[in-house]
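Number of protein chains: 2
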Amino acid sequence: MSETTKFLLDEKRIPEAWYNIQADLAEPLPPVIHPGTGQPIGPDDLAPLFPMALIGQEVSQERWIEIPDPIREVYRLWRPTPLYRARRLERVLDTPAHIYYKYEGVSPVGSHKPNTAIAQAFYNREEGIRALTTETGAGQWGSSLALACSFFDMSCEVYMVKVSYTQKPYRRSIMRAFGADVYASPSERTNAGRSILEQAPDSPGSLGIAISEAVEVAATSGGTKKYSLGSVLNHVLMHQTVIGLEALEQFEQAGEYPDVAIGCAGGGSNFAGFALPFVRNNIVEGKSTRIVAAEPTACPTLTKGSYLYDFGDTAATTPLIKMFTLGHSFIPAPVHAGGLRYHGMAPIVSALHDRGLIEAVAATQNAVFDAAVQFARAEAILPAPEAAHAIKVAIDEALRAKEEGESRVIAFNLSGHGHFDMGAYDEYFAGNLPDFEYDAEEVEKAIAGLSA
Amino acid sequence: MSETTKFLLDEKRIPEAWYNIQADLAEPLPPVIHPGTGQPIGPDDLAPLFPMALIGQEVSQERWIEIPDPIREVYRLWRPTPLYRARRLERVLDTPAHIYYKYEGVSPVGSHKPNTAIAQAFYNREEGIRALTTETGAGQWGSSLALACSFFDMSCEVYMVKVSYTQKPYRRSIMRAFGADVYASPSERTNAGRSILEQAPDSPGSLGIAISEAVEVAATSGGTKKYSLGSVLNHVLMHQTVIGLEALEQFEQAGEYPDVAIGCAGGGSNFAGFALPFVRNNIVEGKSTRIVAAEPTACPTLTKGSYLYDFGDTAATTPLIKMFTLGHSFIPAPVHAGGLRYHGMAPIVSALHDRGLIEAVAATQNAVFDAAVQFARAEAILPAPEAAHAIKVAIDEALRAKEEGESRVIAFNLSGHGHFDMGAYDEYFAGNLPDFEYDAEEVEKAIAGLSA
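Note that the protein sequences, when read in sequence, are chains L and A. Just so it is clear: in the first sequence, position 418 is 418 by this note's numbering, and no numbers are missing. Just so we're on the same page, this note's numbering is the position in the second sequence counted from 1, plus 1000.
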């Protein structure tokens, strides 16, 4: 047999601390602004929704935040995740490049999302909270929080975008198997939901509406329920850094170091979780890894958006966050990579992009599925459509290396498997998959009036 | 953190040989009989369907059969699979027992089936065959063979039971993603299919019919296509012994040895793959592990069947095999554990049961799903309904240990995850899952006329 395919770490090597890049930024992140007062928000503004421990992590300037043992105890059901050398893909591409991927699909719900779900449930439970609310689109995040709540003996209330609730019954079933209550959103359970249903009884729902419902339930619970978010926020990205920290150790095993590190970016959490430790080494240790975010042309937040203060949700109820945005009223075309259909981008990722510390590339839907199928037939894993964006960029890099006749170490994060997305593959094979471009005029309208 | 959860092996520890229990049986297996001549069949009878290498393995008396490097190369995409200590389940059950499970769901298609699919594709390819045919019920086996054919650059033709073809579109999509041609069976492509469709245009199909179609296509291909079977045969069980061989090494790491080893049994391949190395240690090294096969009360082949010569398929076209059987005309009730709905049992497993070397237990459907959900909420993995039969028996053993106030090491094979079976969980939570018992009179009729 030839050399190693999987770089594994013993569960004792699960990182003992998360990495907080805020400690290594030359300039701090721009403040989050209260839309009413125009002033930076403080912990009290967030307290109705989040436990104090997470609010503290959101603004912490500490470089390392210790991971509590009960969280590491759960992590080790599937962590450390493997780092693969894609030897079969390299042969198919006939490239001198070495391709590696970190595989987060080995988690029990098939993506990186439980890395933060477990942490968020834990900290809420520590502060006496027994119930969490959240929204979910396709269901990746909802099933992760359902799992986390089940493990910390909490109840979980998930508002699932109605069209996905109907189209992806299996994700709903997983949430129920872990004991969560799942409601199609818009629902009759909240003012937000009822007011939408009055105007549009057949509304298919949206992530924006579902957020409004989940937030309302927490905010009006008299403190008994808190709200949980699966991406965008600083503490969420930080919890995901276990991915990149493990990868660093695994590259040591492999005796190589990435020239390029790639992740797909929707809200930014899996991209950041994988990439931030490499960004740190660029900043602090003088490394020069190119860090590339992959996004869909249907929702090209980093490649075509603007760095402005905008709302995090469609309904414009959250604080104002400085981020790359297409405008909170921009509705991305229905690409199958539902996790990448977000008008904005995590403030940390946005700041890194604005400061020239990371790059971004957009890809069209069919090109992404071409890459997904090429990958699957070489490496056997069927990727989620989101993760396939990272594959597409990695394959392009490997082919460029071949053209240039140069070796190169390419690493990407395979954030999840596609077991619940096979309908998208069907459409692809049937030739029914549209290639969407964003509408530049629509974006221009959507960002009008936003300020820097 | 407390002690180890996952016992991992480096990919260099993938076994170098499969274990063939025929070498350690006190008496040989009863011969397979040609239904026309009444005489034992020879290699020539099987040559139209199988390559000579596999026919040789089927009857080999060698204890160890070397695993060719190209097969081990593919195995290491997911092997060695982890052995888990179910510490969280132990706490929930409050049992003094130590519970371990070997997890085969980490394979790219989510079950143990690729262990033999890869081997079968390889040996066919070595003998110049470029196309394989097979049948599949729910799709586990079909997707494994599709993967294997994709890896060895072969075409793959899968006849999928029509009712599953309609109800489980995602499994079909996986096969297509790996490049296989998938046909709903009965199809218009074969005499067998056409004759069924003439009589019953709306036939939902059955595994028996799909086997007839796949066999016909291979048998009438003039030697260009061979047929591949996912269970029952001796060489298939042997390929699966990588499971138990790895587990033995992992138990050495754990410093324990199973008092009980459990697997679910349909055709017998995952059960045997896990259990045979432990059976060997019972026979050869004087160990005394109880070996338990778990089956559904809807299809209680080992617990209620008889040890007789019977056909392997419903249409009565195969050679006669001595096995535990409910009669080849017995149609099991539609339990969701489709992989356990087989009227017979692998000859090796049948002989071990007849000789008192293994035990068997049957469980009802709701009890099995109770166990599946209890397991998922403790260990995070959503098991396939088939594998949940093993979980049910393991939990019962652990509770018995608690009653008796005795420690005990319980091991089971978790043969696959349930990502494509969530519809069954939905029915369970809705309270719509029937508990089936087999019909003793029907079985009596079905075995009438069979001989020992």
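A virtual CB, placed ideally from N, CA and C, is assigned to each residue, including glycine.
Straight-line Cα distance separating residue 355 of chain L from residue 265 of chain L: 17 angstroms
Supposed contact pair residue 1117 of chain A and residue 1144 of chain A - C-beta distance, whole angstroms, cut 8 angstroms: 4 angstroms
Residue environment, residue 113 of chain L, which counts as buried when at least 16 other CB atoms sit within 10 Å: buried
Any chain A beta carbon closer than 8 angstroms to residue 385 of chain L: Chain A, which has no Cβ nearer than 8 angstroms to the Cβ of residue 385 of chain L, makes this no.
Status (buried if at least 16 other CB within 10 Å, exposed otherwise) for residue 277 of chain L: buried
Residues within the region 421-443 of chain L neighbouring chain A, beta-carbon criterion of under 8 angstroms: 422, 423, 425, 426, 429
Amino acids of chain L, ordered along the chain, whose beta-carbon sits closer than 8 angstroms to that of residue 1178 of chain A: Neighbours of residue 1178 of chain A in chain L, taken as residues at a C-beta separation under 8 angstroms, are given in chain order as 376, 377.
Listed by chain order, chain A residues near residue 373 of chain L by CB distance under 8 angstroms: 1177
Near-chain A residues of the region 10-30 of chain L (beta-carbon distance less than 9 angstroms), N- to C-terminal order: Within the region 10-30 of chain L, the qualifying residues are 10, 11, 12, 14.
Beta-carbon proximity of residue 419 of chain L to residue 382 of chain L, cut-off 8 angstroms: yes
Residue 1293 of chain A to residue 1360 of chain A span [Cα, whole Å]: 5 angstroms
Neighbour list for residue 221 of chain L in chain A, Cβ cutoff strictly below 9 angstroms: What residue 221 of chain L touches in chain A: nothing, since even the nearest Cβ is about 24 angstroms away.
For residue 1012 of chain A, three-class secondary structure by DSSP: helix
Backbone secondary structure at residue 964 of chain A - three-state DSSP: The displayed coordinates of chain A run from 1001 to 1452. Any statement about residue 964 of chain A would go beyond what the structure contains.
Interface residues of chain A facing residue 380 of chain L [CB-CB closer than 9 angstroms]: 1074, 1077, 1078, 1107, 1108, 1109, 1114, 1147, 1150, 1151, 1178
Contact with chain L by residue 1155 of chain A, beta-carbon distance below 8 angstroms: no
Distance cut-off 7 angstroms: residue 160 of chain L Cβ against heavy atoms of the ligand GTP: This structure simply doesn't include the ligand GTP, nor any ligand for that matter.
Closest Cα partner of residue 322 of chain L within the set L:108, L:304, L:345, L:138: L:345
Residues of the region 1157-1173 of chain A with Cβ closer than 9 angstroms to any Cβ of chain L, in chain order: Taking a C-beta cut-off of 9 angstroms against chain L, the contacting residues of the region 1157-1173 of chain A are 1169, 1170, 1171, 1172, 1173, listed in chain order.
Counted within 10 angstroms of its Cβ, other Cβ atoms place residue 1310 of chain A as buried (16 or more) or exposed: Buried, since its Cβ has 16 or more Cβ neighbours within 10 Å.
Selection from A:1411, A:1013, A:1097 that minimises the alpha carbon distance to residue 1403 of chain A: Closest option to residue 1403 of chain A, Cα to Cα, is A:1097.
Per-residue DSSP class, three states only, for residue 244 of chain L: helix
In DSSP terms, what residue 292 of chain L is bridged to: L:262, L:359
Three-state secondary structure (DSSP) of residue 952 of chain A: The question about residue 952 of chain A has no answer, for chain A in this structure spans 1001 to 1452.
Residue 102 of chain L: contacting residues in chain A (beta-carbon distance under 7 angstroms): Per Cβ cutoff of 7 angstroms: no residues; residue 102 of chain L is ~15 angstroms from chain A at best.
Spatial distance of residue 1304 of chain A from residue 1437 of chain A (CA atoms): 11 angstroms
N- and C-terminal bounds of the alpha helix (DSSP H) containing residue 1195 of chain A: 1191-1199
Supposed contact pair residue 1202 of chain A and residue 173 of chain L - C-beta distance, whole angstroms, cut 8 angstroms: About 29 angstroms separates the two Cβ atoms, so there is no contact after all.
Nearest-angstrom beta carbon gap, residue 1324 of chain A and residue 952 of chain A [assumed within contact, 8 angstroms]: Residue 952 of chain A lies beyond the stretch modelled for chain A, which goes from 1001 to 1452, so this question has no answer here.
Under 9 angstroms by beta carbon: chain L residues contacting residue 1005 of chain A: 11, 73, 76, 77
8 angstroms Cβ cutoff, residue 1098 of chain A in contact with chain L: no
Beta-carbon neighbours of residue 233 of chain L, restricted to chain A and to distances below 8 angstroms: Within chain A, no residue comes near residue 233 of chain L; the closest Cβ sits about 24 angstroms away, beyond 8 angstroms.
Contacting residues, own chain, Cβ-Cβ under 6 angstroms from residue 377 of chain L (five flanking each side not counted): none
Residue 1182 of chain A - DSSP class collapsed to helix/strand/coil: strand
Per-residue contacts from residue 1336 of chain A into chain L (C-beta, under 8 angstroms): What residue 1336 of chain A touches in chain L: nothing, since even the nearest Cβ is about 13 angstroms away.
Near-chain L residues of the region 1404-1421 of chain A - C-beta to any C-beta below 8 angstroms: 1419, 1420
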